[in-house]
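Asker:
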Amino acid sequence: IDKIQNEIDLFKVSECSICILEECQTFLPKTKSLKIFQQNVRSIKRNIDGLLPILIKSNLGWDYIVLTDCWLPSTPYIPIGYNFSATTKNLTQNEGVVVYYRQDLVATIEEPEILDANCLLVKPSNNTIILTIYRPPGYKNIDNFIQSLHNALLKYSSIQNIVVLGDMDIDIGENCKDVSSFTFLEMLALHGILPAHTFPTHSKTCLDHVLLKTKKTAHCLVLQTSLTDHDSVVLYLASWQQTSTPRTKKCIDHVSLSCNLKNSYFNPLYLFQNFHPHSFVLFPTNVHEVSTIVNNLKLNTAAGLDGIPPEILKTNVDTLSDPIAFICNLT
Numbered sequence: 007i008d009k010i011q012n013e014i015d016l017f018k019v020s021e022c023s024i025c026i027l028e029e030c031q032t033f034l035p036k037t038k039s040l041k042i043f044q045q046n047v048r049s050i051k052r053n054i055d056g057l058l059p060i061l062i063k064s065n066l067g068w069d070y071i072v073l074t075d076c077w078l079p080s081t082p083y084i085p086i087g088y089n090f091s092a093t094t095k096n097l098t099q100n101e102g103v104v105v106y107y108r109q110d111l112v113a114t115i116e117e118p119e120i121l122d123a124n125c126l127l128v129k130p131s132n133n134t135i136i137l138t139i140y141r142p143p144g145y146k147n148i149d150n151f152i153q154s155l156h157n158a159l160l161k162y163s164s165i166q167n168i169v170v171l172g173d174m175d176i177d178i179g180e181n182c183k184d185v186s187s188f189t190f191l192e193m194l195a196l197h198g199i200l201p202a203h204t205f206p207t208h209s210k211t212c213l214d215h216v217l218l219k220t221k222k223t224a225h226c227l228v229l230q231t232s233l234t235d236h237d238s239v240v241l242y243l244a245s246w247q248q249t250s251t252p253r254t255k256k257c258i259d260h261v262s263l264s265c266n267l268k269n270s271y272f273n274p275l276y277l278f279q280n281f282h283p284h285s286f287v288l289f290p291t292n293v294h295e296v297s298t299i300v301n302n303l304k305l306n307t308a309a310g311l312d313g314i315p316p317e318i319l320k321t322n323v324d325t326l327s328d329p330i331a332f333i334c335n336l337t
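Per the numbering used here: the sequence shown ends with 337, consecutive numbering throughout.
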C-alpha cells in the first residue's frame with residue numbers, strides 16, 4: 007500500500023490549491039480552458055437559491071456545472087443560458103446527479119450503469135469524456151462500485167482526456183489509511199487516471215474528487231463555500247478546443263422581398279371604411295408625404311413599433327407608400 011501511495015505521489019497531474027470564492031480567479035489561468043464547477047448540493051430544490059449567488063460571484067462563465075446528492079426526482083432549476091441533464095436510475099430520494107451545460111456547447115450525454123452510484127457521462131469532444139458520479143454513503147462495501155467503474159473505463163481506454171469527478175464517499179485524503187481507498191486509486195491508476203487534488207472537502211476527508219487522465223495543463227481548486235457541509239471543487243483544463251454550435255447570421259434577401267411586396271395584393275386593405283379625415287395629426291396624410299418621410303429616414307435609425315427596418319422601407323417606398331398612407335388615415 008505504501009509503495010502504491012509513494013508511486014502515485016511522484017506524479018502531478020494538476021496544479022491544486024484551496025481558496026475562498028473571492029480569490030479563485032487569481033489561481034486560474036487566463037488561457038482558453040474547459041471550466042467545470044462541482045458541488046454536493048444536498049437537495050437541489052432546497053439549496054439552488056444559495057448556489058446561484060456562488061456561480062454568479064465567481065464570474066467565470068462555467069462550461070459545465072455538476073451537482074451531486076440532488077435528491078431527485080425534483081424539477082431542477084435551469085440557469086439562464088444552460089441546458090441540463092439528470093440521472094434517472096436513482097434508487098432512493100437522496101440521490102441524483104444533474105449536469106448543466108452551456109447552450110452553445112455541443113455535447114452528448116449518456117447514463118452508464120455504475121453499480122451503487124449515479125452517473126452521467128458527458129462527451130464534449132471526440133477525445134474528451136467527463137464522468138460525473140455520486141455514490142451515496144449507504145453503500146459501505148465499495149467493491150461493486152470499483153469493479154463497475156473499472157469496466158466502464160475499459161471502453162474509453164483510447165480517449166486522451168478523461169475527467170472523473172463527484173462525491174464518491176471514498177476518502178482519498180493524504181492521511182487516509184483505508185485499504186479500500188488505495189484499491190480505488192490503484193484501479194484508476196491502471197487507466198492512467200490520477201487525483202487532481204487530495205485536499206479535505208468534507209470535514210477532514212477528501213470525498214469530492216477530481217480525477218484526471220490528460221497531458222493538458224490542469225488547475226484544480228477547492229473553494230471553501232458554505233452552501234452545504236461539502237466544499238465546491240473547480241477544474242480548469244487548459245488549451246481547450248470546445249465544440250460549439252454554429253453561429254447563425256440573419257440577413258435579409260432584399261431582392262426577393264421587393265419582388266414579393268410588388269406582387270402582394272393590397273386591395274383587401276382598402277375595404278376598411280372606418281376613416282376619419284383628421285385621424286393623423288389633425289390632417290390627412292398622402293402618398294407624397296409618406297414617400298418624403300421614408301426617403302429621409304437614416305439607415306441607422308431604429309425600427310419603429312412595426313419592427314420594419316428603415317432599409318426595407320426605403321428600398322420599397324414606391325410599393326409601400328400608398329398602403330401606409332391609407333393605414334395612417336384610419337382611426
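Built from N, CA and C at the ideal position, the CB exists for glycine as well.
1. Starting from Ile139, trace the beta strand (DSSP E) in both directions and tell me its first and last residue.
2. Measuring CA to CA, which of Asn322, Leu243, Ala331, Leu319 is closest to Glu135?
3. Using DSSP with H/G/I as helix, E/B as strand and the rest coil, what is Val323?
4. Using three-state DSSP, classify Asp328 as helix, strand or coil.
5. How big is the Cα-Cα spacing for Thr291 and Ala331?
6. Under the DSSP definition of a beta bridge, which residues are partnered with Glu117?
7. Determine the direct distance from the alpha carbon of Leu127 to that of Lys69, and round the result to whole angstroms.
8. Could you tell me the boundaries of the alpha helix (DSSP H) in which Asn301 lies?
9. Considering only the alpha carbon of each residue, which of Gly67, Gln45, Val19, Glu28 lies closest to Ser39?
10. Between Val19 and Gln44, is the Cβ-Cβ spacing less than 8 Å?
11. On the criterion of 16 or more Cβ atoms from any shown chain inside 10 Å, does Cys125 qualify as buried, or is it exposed?
12. Is it the case that the Cβ atoms of Leu218 and Val169 are separated by a distance below 8 Å?
13. Counting pairs of beta carbons, one from the stretch 112 to 124 and one from the stretch 135 to 150, are three or more of them closer than 8 Å?
Answerer: According to the structure data:
1. As a working mapping, residue 139 is identified with position 133 in the sequence shown. Its beta strand (DSSP E) spans residues 134 to 140.
2. Numbered from its first residue, the sequence shown carries residue 135 at position 129. The sequence given here places Ile at residue 135; Glu does not occur at that position. Comparing Cα-Cα distances from Ile135 to each of Asn322, Leu243, Ala331, Leu319, the minimum goes to Leu243.
3. Along the sequence shown, one-based indexing puts residue 323 at 317. DSSP places Val323 in helix when its eight states are reduced to three.
4. Translated into the one-based positions of the sequence shown, residue 328 becomes position 322. Correct three-state label for Asp328: helix.
5. Position 285 of the sequence shown holds residue 291. Position 325 of the sequence shown holds residue 331. Going by the C-alpha atoms only, they are around 6 Å apart.
6. As a working note, residue 117 is residue 111 in the sequence shown. None, per the DSSP bridge assignment.
7. Walking along the sequence shown from the start, residue 69 turns up at place 63. Walking along the sequence shown from the start, residue 127 turns up at place 121. Per the sequence shown, residue 69 should be read as Asp rather than Lys. So the two alpha carbons sit approximately 15 Å from each other.
8. On the sequence shown, residue 301 is found 295 positions in, with the first residue counted as 1. 293 to 301 is the extent of the alpha helix (DSSP H) around Asn301.
9. Along the sequence shown, one-based indexing puts residue 39 at 33. When each option's Cα is compared against that of Ser39, the closest is Gly67.
10. Locating residue 19 in the sequence shown gives position 13, counting from the first residue. Locating residue 44 in the sequence shown gives position 38, counting from the first residue. No.
11. In the sequence shown, the residue the question calls residue 125 occupies position 119. That one is buried.
12. Within the sequence shown, numbered from 1, the residue matching residue 218 stands at position 212. Within the sequence shown, numbered from 1, the residue matching residue 169 stands at position 163. Yes, the Cβ-Cβ distance between Leu218 and Val169 is below 8 Å.
13. yes
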